[in-house]
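Read the structure below first, then the notes.
In the UniProt record's numbering, the protein residues as written are 1 to 705.
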C-alpha cells in the first residue's frame, strides 16, 4: 500500500507487514524491516529522514506482543531514520511518551548527527527533529576473509586497557586522518607496539554510541571516556575515519580483522547499567520516550524519579524481559556480527539487582550462563556499583572473571609501605584463592591491575599524594580522594634525582608485581612509558593531550618500556607465573624439592605466624617451584623445571636476603632486577648466599642448577 506523509503528499513507499524479529532496522538486500518494542505505546511511526532533513512518517500497523513492525521495500543502507511513539505522558506514573520526540532506535546499528542541547530535548510537546541524532540503516555484509578469533585461555592472556582516541591521537607513524579512529588502532604501528609488549588482548574503553553531557559541553569539555551509552549495537561514529553515515560499522570490523590477524583479542568495555538519558531532568532521546517504565528502574513511591545505582541519574531495569533481551541481543550481535572476543561490564553489580540487593543468581547471569554464544567469550565484571551493598568482589558466578579491586589496593599499600599488609599481599600475589576458589574458579578469575582508566596513571601514582582535578571544573571535588598513592617525597614534578630514581623504581616494582602475580594481568595504556595526567585521577571529561598518550615518552622513558617488555616476556616464557591452579602450599614430603610454594623471611627461614602478623613486616622471599608445572603442548602436557625466588623489599633501607639452602636450588641468576632501569643484571649466586636488595625493590632470581 501507499501512505500519505504528514504534509498530505503521497509518499512513494510500499509497506509490507514485515516481522517482529529481529528488532531494529534490518536490510536484506531489497528493503528494510523496522521493528521496535513498546508495551505502553498507542501508535508508533518509523520516520525516514532525507538529506535535506525532510521527514516521511510511516505507521507501524502490525503489532505482535507489543512489538511494532513493518517492511519497507527500497529502503537501503544509508537511510536516516527514527521512531515516534504516541502514548501517555504522565511522569507521576512513570509514563513519558511524547510523539514530538524523534527517538533513537534501541537496536540501531549506526547513528549520525549530534544532540545540540536544544530545549526541545527536555520539553514536552516540542519537536526534536534537527536537534537529535538519527539512526542509519547499515549494510550488514562484510568480507571477513579467513578471520578467526585468536582466543587464548585466561592464564595466557595479558590485557591492555586502551582508549580508541587517546591511544592513537599523537602517534607520529599514524597518518593524521586516521588518528583517534578504529583505523588508527588497526595501524601497523599500534599493532607492533602491542605485540612488542606481549599484549594478547586489547580492552577498548566504551565504543558503543555515546553522547556528551550538556553540562560538560557548556564548559568546553567532552565526555572523553564514553560511559554514557545511547546505542548498544552501534560503534561510536566519532571514532570512524570514514565520515560517511554508517561507515563506522565497516571500519570497526576491519579493525577487529586486523587485530585478529596479529593474534590480538578484542574486548569491549560495555555500559549496560545506565544510559545517557540521565535523570528525570535529562533529555528524551530514546528508551525514555519508547517505554520508560520497561527500560528503567523507577522509584516505587515516586515513579517520576529513577533508581540510581550508578551515580549517573538512572539504572537500566534488568528485571524486565525486553531490557534483558536488548542486552543479550547486543552481546550476541557484537560477537557474531562484529567478531569481538569478550566484554568488561561496567558497574556490573547493577546488572545483578533484582530488587535492591545484589543477587549473584539474578536473571541476567542465568541468561548468560545458558547462552551458547555469550557464555563462550571472555566475561569480565567490574564487581561494584555505587548503591548499598554494591561492592561484590569475589561474589560473581563461576563463569565470570572480575576486576580485583582488592589486588589493586593491596599492591599499592604494600609498595608505599603501609603496615599490616604482608598476609594480604601474599594472598593477592598468589591469585586471591580466598575470593575465587570457593566458586570453582581458578587464579585467572582474578583480573589483576594496579591502575586503570579510573584513577591515577602509574606515573601519577608514584608522583602525587593528592588528586589534582581542577581542570574538570568541579573545584577538585570529583574523583577518589583515597588513592593509596605516594609521591616519594615531593608532590608532582621535580628535578630531585633521588626522588625521580625512587619513582622509577616504584613504577618497575608495581609493573613486575602485576605481571608476575598469579591471575590475569591488565596494564593501563601508557603506563609502560610513564604517561601522566598531571595528577588528575578523574579525566573522564579531558578529551585533550592531558589524557591522550604522549608517544614521545616511548623515547624519553625507553628504559621503562624495555623493562615492561622484559617482565611480560618473563611471564610468557615461564608457566610458573601463570599457573592454571591455585597453590596447595603443602610441603612435598618424600621428595627432593619443597612444595609448590614456600614463604621465607629475608633470613632464608620459613615464615612463622609471628612473621605474618608483624605489623611492620614489609619484606619476604617467595619460592615458586616450577619442578612440577605441567604445561599443555601440541603433543600433550610437558613438565617444566623453572623455579624462581622473588625477593620483595618494601622497606626504606637495603636488606641482605639470605638465599635458601641447596634443597631449593644450588645456583641462582637474576631474571629481573627492579633496581636497574631495564631489569637486566648479570649477577649469579650460590645457595645460602646473601644478596643485597635495595630499598623498595623487587629482585627476581631464577634457579640455574
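For every residue, glycine included, the Cβ atom is placed at its ideal position computed from N, Cα and C.
- May I ask you to list the residues that DSSP assigns as paired with residue 733? This structure gives no information on residue 733, because the portion of the chain shown stretches from 1 to 705.
Identity of the residue in 410, 110 and 223 nearest residue 245 by Cα
110
_Here's the rule: buried if 16 or more other CB atoms are within 10 angstroms of the residue's CB, otherwise exposed. What is residue 486?_
buried
Proximity below 8 Å, CB of residue 271 to CB of residue 227:
yes
### Message
If you reduce the DSSP assignment to three classes, tell me which class residue 225 lands in.
### Response
coil
DSSP bridge partner residues for residue 80 (one or two, in chain order) | 49 and 136
Which word fits residue 106, buried or exposed, when buried means at least 16 other C-beta atoms lie within 10 angstroms of its C-beta?
-> buried
For a test of the three-state rule: what should DSSP assign to residue 773, helix, strand or coil?
Shown here, the chain extends from 1 to 705; a query on residue 773 therefore has no answer.
Q.
Please list the terminal residues of the continuous beta strand (DSSP E) segment that includes residue 619.
A. 619 to 624
Residue burial classification, residue 508 (beta-carbon count within 10 angstroms, cutoff 16) = buried
Of the listed residues 222, 219 and 250, nearest to residue 234 (C-alpha basis):
250
query: What span of residues does the beta strand (DSSP E) with residue 69 cover, start to end?
result: 67 to 73
Would residue 323 pass as a contact of residue 386 if the rule is Cβ separation under 8 Å?
no
Taking 8 Å as the threshold, find out whether the segment 518 to 530 comes into contact with the segment 147 to 161 through three or more Cβ pairs.
yes
Query - Given residue 210 as reference, the closest of 150, 285 and 194 once Cα atoms are compared - result: 285
Out of 394, 335, 393 and 396, which has the shortest C-alpha to C-alpha gap to residue 374? 335
Could you have a look at residue 684 and say whether DSSP puts it in helix, strand or coil? strand
Going by beta-carbon coordinates alone, are residue 433 and residue 166 separated by less than 8 Å? no
6 Å CB neighbourhood of residue 182 in its chain, flanking five on each side removed | 239, 251, 252 and 255
Leaving out the 5 sequence neighbours to the left and right, which residues in its chain are closer than 7 Å to residue 581 when beta-carbon positions are compared?
-> 442
ask   = Span of the beta strand (DSSP E) holding residue 673?
value = 667 to 673
For residue 208, which three-state DSSP category applies?
strand
TODO: On the DSSP bridge assignment, give the partners of residue 380 in chain order.
DONE: 344 and 401
Self-check item: For residue 199, the first and last residue of its enclosing alpha helix (DSSP H)
Solution: Note, residue 199: premise wrong, no alpha helix (DSSP H); not H, not E.
Whole alpha helix (DSSP H) elements within the segment 209 to 295, 4-residue minimum:
214 to 218, 247 to 261 and 287 to 295
Q. Relative to the C-alpha of residue 424, which residue among 661, 481 and 620 is closest?
A. 620
7 Å Cβ shell around residue 112 - same chain, five flanking residues per side excluded = 80, 133, 134, 136, 237 and 245
### Task
Taking residue 48 as the reference, give the member of 25, 42, 458 and 40 with the closest Cα.
25
Practice task
Give the DSSP-derived three-state secondary structure of residue 470 in the structure shown.
Solution key: helix
Exercise. Closest by CA to residue 274, which one among 295, 265 and 475?
Worked result: 295
I need the straight-line Cα distance from residue 446 to residue 671, nearest angstrom please. 25 Å
- Which term fits residue 317, buried or exposed, when burial requires 16 or more other beta carbons within 10 angstroms of its beta carbon? buried
Put residue 500 into one of helix, strand or coil per three-state DSSP. helix
Item to complete: Run the CB neighbour count on residue 545, radius 10 Å, all protein chains shown included, and call it buried at 16 or more, exposed below.
Response: exposed
Legend entry - First through last residue of the beta strand (DSSP E) which encompasses residue 706: Missing from the structure shown is residue 706; the chain here goes from 1 to 705 and no further.
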